[in-house]
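Structure first, commentary second.
2 protein chains.
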Amino acid sequence: MTSRSDIVDLIDAADAARYGAKAARLARLSKAGLPMPPGFAISTADGARIASQGAGALGPALDVALARLEEARGRRLGDATDPLLLSVRASAGEGASGAAAILNIGVCAMTEAGVARRVGLSAARELRLRLILSFAPVALGVDVDALEQALSQTPAEALAGAPPSGAAPSGDRAAELARQIAALEAVVLEETGAPFPATPREQLDLALAASARGWASPRARMLRMARGDDPEAGLGFVVEAMALGIGPGLCGAGSADSRCARTGAPLLSGRWLAQGQGEDAALGLRQPTPLTGHGADTLESAEPGALAALAEAVRGAEAAMADAVRVEFTLENGAVSLLDAVTLPRGARAAVRIAVDLAEEGRLTRAAALLRIDPRLLIEHLHPTVDPAAPREVIGRGLAASPGAAAGPVAFSADAAEVFAARGEPAILVRMETGPEDIRGMHVAAGVITARGGMTSHAAVVARGLGAPCVVGVGDMKLDPEAGVLSAGGRSFREGDVITVDGGAGEALAGAAPMVQPEFSGAFATLMVWADAHRRMGVRANADTPADARVARGFNVDGVGLCRTEHMFFEPERITAMREMILADGPDARRAALARLLPWQRADFVELFVIMRGLPVTIRLLDPPLHEFLPRSDRDLSDLAKAMGVPVAKVRARAAELAEINPMLGMRGCRLGVTVPEIYEMQARAIFEAAVEAAEATSAPVVPEIMIPLVSTNREMTLLRERIEAVAEAVREERERGFSYKVGCMVETPRAALRAEEIAEGAEFLSFGTNDLTQMTYGLSRDDSGGFMRAYLAAGVFPEDPFHSLDVEGVGELLLIAVERGRRGRPNVNLGLCGEHGGDPASVRFCELAGFDYVSCSPYRAPIARLAAAQASILARRDRDDGAPGAA
Amino acid sequence: MTSRSDIVDLIDAADAARYGAKAARLARLSKAGLPMPPGFAISTADGARIASQGAGALGPALDVALARLEEARGRRLGDATDPLLLSVRASAGEGASGAAAILNIGVCAMTEAGVARRVGLSAARELRLRLILSFAPVALGVDVDALEQALSQTPAEALAGAPPSGAAPSGDRAAELARQIAALEAVVLEETGAPFPATPREQLDLALAASARGWASPRARMLRMARGDDPEAGLGFVVEAMALGIGPGLCGAGSADSRCARTGAPLLSGRWLAQGQGEDAALGLRQPTPLTGHGADTLESAEPGALAALAEAVRGAEAAMADAVRVEFTLENGAVSLLDAVTLPRGARAAVRIAVDLAEEGRLTRAAALLRIDPRLLIEHLHPTVDPAAPREVIGRGLAASPGAAAGPVAFSADAAEVFAARGEPAILVRMETGPEDIRGMHVAAGVITARGGMTSHAAVVARGLGAPCVVGVGDMKLDPEAGVLSAGGRSFREGDVITVDGGAGEALAGAAPMVQPEFSGAFATLMVWADAHRRMGVRANADTPADARVARGFNVDGVGLCRTEHMFFEPERITAMREMILADGPDARRAALARLLPWQRADFVELFVIMRGLPVTIRLLDPPLHEFLPRSDRDLSDLAKAMGVPVAKVRARAAELAEINPMLGMRGCRLGVTVPEIYEMQARAIFEAAVEAAEATSAPVVPEIMIPLVSTNREMTLLRERIEAVAEAVREERERGFSYKVGCMVETPRAALRAEEIAEGAEFLSFGTNDLTQMTYGLSRDDSGGFMRAYLAAGVFPEDPFHSLDVEGVGELLLIAVERGRRGRPNVNLGLCGEHGGDPASVRFCELAGFDYVSCSPYRAPIARLAAAQASILARRDRDDGAPGAA
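If you read the sequences in order, they're chains C and G.
First residue of the first sequence: 1, per UniProt numbering; consecutive thereafter.
First residue of the second sequence: 1, per UniProt numbering; consecutive thereafter.
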């Protein structure tokens, strides 16, 4: 902090850290030569000195600055014939947002006549009234209620009923205003024991001191803290000559958006209020009118020339800010003055359109345009969403398990959902929870709602894979499938009644809510092309079935990074064969059941390879524990026994044998592969035979990547790799065709990360399954974390949910260790990430920095990952360039 | 490998790597001046050359060595009047055990008369017969059956009926032997097409070549591999002059133990066979007789002078080997010759006694004595064991969950066990599985058997804590508690029938098996005193209750390293209060229920502190998920609801709410502490109040160490530490007493290990819970690993069960990372290990190398840990000394 006062002309106040954000913005606008009142900025350091010692602490510097301003404006503060009026606006330092402004400083008994000479007596008195009303509470601590009571005892039209400009004020009105001023000044005298400050300089000093002290008060610091602002942020000031929105000629104030905040279209829009100042429009005392259009009261109709001048100023502001802007302006006797220009707040779609348009207009580089978009905003482009403007009747709230929105008839069973689908009315499937038997119904449903379950429940995982909107854990709703009634939000719904699922908000709504449809073309498509051109990392999709692969290909991914083969086993015929395998006595019976699965799986793989032709496909061998394929209830187990023709005791015994205390840490993944070799042998065979057939069908080589899950020791890899090689050799001989393939390790146990060097020696790729790796690194089951995750996030124990955004400090370090060691074991080992973090922008950036070759995520998040990867590449390049010797 | 032959006199063959283990032993014995036949050693390098090129490859070196031997013995090979006879014995290189010997080389038609001059004609012919019988199959590849058939066509007493020494051979017998020799030589001629080697030198060369080739054959290599030997191990030879155990005067062969192999008492024992050679005693053709004792046929009775000479030689061998030995000897005409001396194979108790005795006799340093004992052997000292000599009728096999053995009446319920105990007949509790409700019955039972469960099942954990023998997962047994029948091993047992549980072998036996009782005094006690003097690391005990602490103190531990406070909640009254707490609505009701638990817990802590006075006590705050305290079956839940006077629906709802998919990774440990603050607050209060009271009672300060479980982020530590500090402050004020305490972190998630630096900044100690850390590092639930652990160990996927012996490569690296980072965060942070690995010697050694301050284990394993820690200290010191600049 300097001990000398630090006051500069606005044009020189570009340093936001020193003069606050508002001053810096105004400096930028001033530099661009835009029409603005002259002014100066007081640094935040000076603001702190004012808070402790009053404005006098600024010493002669304030006088000098004032003098320069007077000279620039050609008026003097307190001048009796043509006085200068001032505005004092707070300019908060970094990490905080500002405080209110005090306008019309300088109007007082002494100068009223001078002001009246310029704007008429009524307007002058109105300005004086406004000053007292805003100044007295803020700077003098006068009770607002007392002021309003005093006003209410005089005619109420004083403020609200100001006549349109041009009409001569009646003597009555001026007299009325004088009475009101007198009444307010009496309140001030009574409440403070002193008259309202009589001189403009006194007003200025007090305004500065009161604002600075208020900002520094403990209460304000606490408020900043509560808002998440930096409580230590400083406060500077912007002092400008007033542009008067009240007076003769075309006068008023308003705000203008350089582009449409909803669509991003390059159309000027906004609102203004004739004979108004600053925030009058927002106060709602009078209805502001649109700037544009052919209505009677638009500025365009009233004064096309003024609108043109405003439009030019807005264009200038946009250029100065290098972004779409929302401008605050005043019209004084037809002349436009800009008071501020902030970046335009905008919806997701507008953000994309504006960034692309600005780049195409040459105002931004493409890289800068890509950096402008928060990748998560793209979700709105990818799914239908409930129109934010539409009214919504919420009947239940749960977890936002899969984004998008859909409306349709309620179906209480998968079968009912299929019936509705057959009629061309995709249903909203509403269940307590879903299981493998619901898969077909989910495929044809428009959306899914469950009463139970968390973010990794069956319903949530499957819906995300399908890209269908889904809300889970809607605890308040009551479901009586027998009676066919859903009770929610105090209403009852029968099968066929229409409801809406809003998977983005995690809500169920009554009726069919109006939708905004997804938008893949236009600016979005352009942005994606640019993103692909800028990114280094590949973006693959997690695709479990040919249908998923088709969606993925539509999202222009670089391959399949994770095909969870178990999802191929849930169709009714297949799960029967799977269950036979599980109930089989010994390897031969197991092989017989698996032989029935082989053609299905092979056919799926052929289709997958053909769809993804030319792109890599990573297939994970069976991962879940076998009990996931058995029904759970006693009744379903009996049914299964009957259907299979085996004693129910045997089925129960097998189910009991397979039951696990901690399934996440149990007999699954490669442990199954090692101990029940027939399963992986069948899968390897299906993959290789499919590779041969797909290569013949497409006349292009297919190089499948076989991924082994849940590895914790290198010996698991080598053992399974040998078995896979044996199957490959057998298929090569049988088919008399050569083919190549890769075998890799899914790194999802901390131990696999630590042992990555030796594992990579026998693995062509390492793909990090960060879902499970996070669970194991924290010792935290995602399914069981619901009970305390909210409390943990609220208390800041976890800064973020580590299942949403990669825990860089813990899981991330394991990744870095594994990357370094994996490369030591095999310098060209391919490195990927295939957890849900692959669709999280911060995690994608981490992967870029860690040098991953690709990330893989749900197809519906692929555009997010593509943009995030592009941003990560751009930032990494920038960091490198900054760190380069030439730049140092 | 040198290209020059490498043959040395036996006395110079001390280098086992060069001449094989047997040659090295004989060199040691020779150097000690013990009575031994002269001989020389052929190196393993030469053995390899013989295998490829025959004995000729040795060139003149063999002639030179033979000449020296002839000179030393004063006889010449092939001499017609007094020929030298030779033995050729294999001396396997390191990593393998040897092959058979060929004796009596040098007796043939040409020398028979010369030998007969020395030993008589019959003995000479018998030696010749023996040579052919052993030489022809090994060196000439003649079929053994053919030889035996030829022999069987001549009188059968030829070998077995050799007359006692001194009796003159009848002419008939010599003639009979001549016919047998002729018959065997005819077989050799027929089978090989060549006569039996006619010259002694030919015999020697062929014996060497055949043995060397056999050793190098693929079949022998595979056998070595199958045995776990090094298939590449080399083979050297020991060639000695024969000491003839057949002939006139006192002749024979036998073996002698320098100390008792069972008890370790310093008493010579052994067996011998008059007129016998080498392995005759082992062949079982004639019954050998004891060396000592006053029976008619003992050596002591027959020739006390010879026994005295043998005893002196054995003492010499013991001195030379610096250990108790088993000696192989020959008596030739009254003179003792040692043929070999190996370290005495011995039982666990003998091992301790011998090591201690040798050290007290000054033959070993105490450090060397400590290193002699495999710490795991101490288990036999600590628990009753089934007499290994007794017959056993096994009725069921399961997992050896807790060592020791006990016999008693079968009890099918905890209540029944209490009834038997009241009658003074501690029972064997036999259950499907156990739960908290069985605790009292387990306390009074002699042993526990369950049909279900793994190494961390309730029964296994509790039994280990109690030191009671336990076998779990006995799948084959059928239990019908309603009918009161246990069916196992084809037999039925009713309540009260006596059975035996062998927790060391993991078996259930019918009836009361004879037991060997534990032995804490004598050599064992001495060894423990020495161990404590040599170890650097502390050894603490895991003790959950005052009763445990008393046992621990009896085992002379350095404190309590882990008190699992939840085990204090399972007694009937307490679990009721605990369940009320769980079912409570809101913090106030929870506090009320906890207030009832407080006095119990405080009283337990007071007792614990008083028992452990002067020693540190580490108390872990509540760790398990709350559902572990609720009953499981629907019926028990109803009973609970009735007892508590709450609706059963509420109890069921709460149980459903608390149920978890992966309890290991769920709402437990500090997650419970953070989200339900009242529990840890009560526990902290109980600890502090107890510390005050115990300090008053003992007039010594008590410094409790409070351990926070399942930490994954530093924020959990800081938040809970603050709350604990607040409780401490409150107790200080209420009690008007100062006290100090420590707060530490139980490191059991990989993330806590990675973040140890920041965690240690706010933690006075880090204690590694390697059970859970292993589960999370591998992604492997110990309870669910039973399904594949055996297969994994058998296939070598895991070299050892990582829950038994610390996985040095994975979990161990996390420990090393955490130790280094923890010290960075707090240089004097106290480091301990409190998983079950604390009782595993290899893991203890790892902890020594990692610089831990202590390990903590079950009280019953503390002696093992104390010895292992002493060994680790000794070895570490040795490594340091070896690595010191002076030693380099």
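Quick reminder that beta carbons are idealized off the backbone N, C-alpha and C, glycines included.
Asked	Found
8 Å contact criterion, which C/Gly762 and C/Thr718 should meet: CB distance rounded	5 Å
Residues that DSSP places opposite G/Gly447 in a beta bridge	G/Ile428
Collapsed DSSP secondary structure at G/Cys251 in the structure displayed	coil
With 16 other Cβ atoms within 10 Å as the buried cut-off, status of G/Thr192	exposed
Chain G within 8 Å of C/Val410, Cβ atoms only	no
Exposure of G/Phe237, with buried meaning 16 or more beta-carbon neighbours within 10 Å	buried
Proximity below 8 Å, CB of C/Ala174 to CB of C/Arg125	yes
Segments of 4+ residues assigned as alpha helix (DSSP H) that fall wholly inside the region 378–406 of chain G	379–382
G/Asn830, buried or exposed, once every other Cβ within 10 Å from all chains shown has been counted against 16	buried
Test: G/Asn830 CB closer than 8 Å to a CB of chain C	no
Residues that C/Arg715 contacts on chain G, provided the C-beta gap is smaller than 7 Å	Gly796, Val797
Where the alpha helix (DSSP H) through residue 890 of chain C begins and ends	An answer regarding residue 890 of chain C cannot be provided, because it is not within the stretch 1 to 888 covered by chain C.
Alpha-carbon to alpha-carbon, G/Ala760 and G/Ser873	26 Å
Through-space distance from G/Gly59 to G/Ala80, alpha-carbon basis	25 Å
Supposed close pair C/Pro37, C/Glu240 - CB separation, criterion 8 Å	5 Å
Under 7 Å by beta carbon: chain G residues contacting C/Tyr778	Ser712, Thr749, Arg751
Reduced DSSP category for C/Phe412 - H, G, I as helix; E, B as strand; rest coil	coil
Proximity test, Cβ basis, 8 Å: G/Phe629 and chain C	no
Identity of the residues DSSP links to G/Phe40 by a beta bridge	G/Asp9, G/Val239
Cβ-Cβ separation, C/Arg315 to C/Pro345 (assumed contact under 8 Å), whole Å	That pair is no contact at about 19 Å.
CA-to-CA distance, C/Arg89 to C/Val8, given in whole angstroms	15 Å
Whole-angstrom distance between G/Val560 and G/Thr618, CA atom to CA atom	6 Å
DSSP beta-bridge partners of G/Asn830	G/Phe765
Proximity test, Cβ basis, 8 Å: G/Gln180 and chain C	no
Within 7 Å of chain G by C-beta, residues of the region 659–672 of chain C in sequence order	Glu660, Ile661, Asn662, Pro663, Met664, Leu665, Gly666, Met667, Arg671
Minimum length 3: unbroken beta strand (DSSP E) runs contained in the region 544–625 of chain C	560–564, 617–620
Burial state of C/Ser337, where buried means 16 or more other Cβ atoms lie within 10 Å	buried
C-alpha gap between G/Val676 and C/Glu566, whole angstroms	39 Å
G/Tyr741 at chain C interface by Cβ criterion, 8 Å	no
8 Å contact criterion, which C/Ala468 and C/Gly447 should meet: CB distance rounded	6 Å
Neighbour list for G/Ala311 in chain C, Cβ cutoff strictly below 8 Å	Residues of chain C passing the Cβ test: none, with the nearest at roughly 52 Å.
Environment of G/Ser217 [buried if 16+ CB atoms lie within 10 Å]	exposed
Cutoff 8 Å: C/Leu754 Cβ touching any chain G Cβ	yes
Nearest candidate by alpha-carbon position, reference G/Ala508, set G/Met515, G/Thr500, G/Gly78	G/Thr500
For G/Ile373, the first and last residue of its enclosing beta strand (DSSP E)	No beta strand (DSSP E) holds G/Ile373; DSSP gives it neither H nor E.
Within chain G, the residues that C/Glu809 reaches when beta carbons sit closer than 7 Å	Arg755
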